[in-house]
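S.K.:
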Amino acid sequence: MTRRMRGFSLLEVVAATLLLAIAFAALLKVAGGSIELTRNADGHSQAALWARSLLDTVDITTPLQPGTTQGRFDANYRWRLVVSPWGPAPAGQNNLPMRVMKLDLDVIWGPRLRERSAHFSTLRVLGPVKTS
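According to numbering that gives the first Met the number 0, the stretch in the sequence shown is residues 0 to 131, in order.
#1: In terms of alpha-carbon separation, which member of L102, L17, S83 lies closest to S120?
#2: Mind checking which residues open and close the alpha helix (DSSP H) that includes R38?
#3: My output table needs one value for L112: the three-state DSSP class, helix, strand or coil.
#4: In whole angstroms, give me the CA-to-CA distance for V12 and G31.
#5: By DSSP's criteria, R77 is part of a beta bridge. Which residues make up the other side?
#6: Could you give the DSSP three-state label for T121: helix, strand or coil?
#7: Examine the Cβ distances between the segment 57-71 and the segment 32-48 and report whether three or more of them are shorter than 8 Å.
#8: Could you tell me which of R79, N39, L80, M97 sits nearest to G86, measuring between CA atoms?
#9: CA-CA distance, T16 and F23?
#10: Just to confirm my understanding: we take V124, look at its own chain, exclude 5 residues before and 5 after, and list those with CB closer than 6 Å. What are they?
#11: So L104 and A50 are in contact, right, with Cβ under 8 Å, and what is the actual spacing, rounded?
#12: What number of angstroms, rounded off, separates the C-alpha of V81 from the C-alpha of L18?
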């Protein structure tokens, strides 16, 4: 009398374990990518906050002059600001009481070999507007 055996063979158990290991490895890769994307988004958010802070205060202590300046926000974030006149003065109106300046700000962070950067640009009107 033969008794039919119930259960899984060794080959089936090994195959199931292998499939489980492959699925787990893929899941870990996705989780690692998600962590990297979160870190990148955090870096860009922090750069945007630093940029807004600098652009809000850039003309308060010293008048804006065309040229390039740079500095550091903290140990990880540094900046470079380029100020330039925006557009030519309209013909025959070189003596306008105001000037429009373009501010280009680059915020750079990360290690030197894998630097990340974000670019911000805005316009500023300089000089008092005379009313008659």
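Here a beta-carbon is modelled for each residue, glycine too, at the ideal position from N, C-alpha and C. Computed from a predicted model, the values in this text were never measured in an experiment.
M.R.: Answer, in terms of the structure:
#1: L102
#2: 9-56
#3: L112: helix per DSSP, three-state reduction.
#4: Cα-Cα distance, rounded: 28 Å.
#5: R71, I107
#6: Per DSSP, reduced to three states, the secondary structure at T121 is strand.
#7: no
#8: M97
#9: 10 Å
#10: M97, V99
#11: 5 Å
#12: 56 Å
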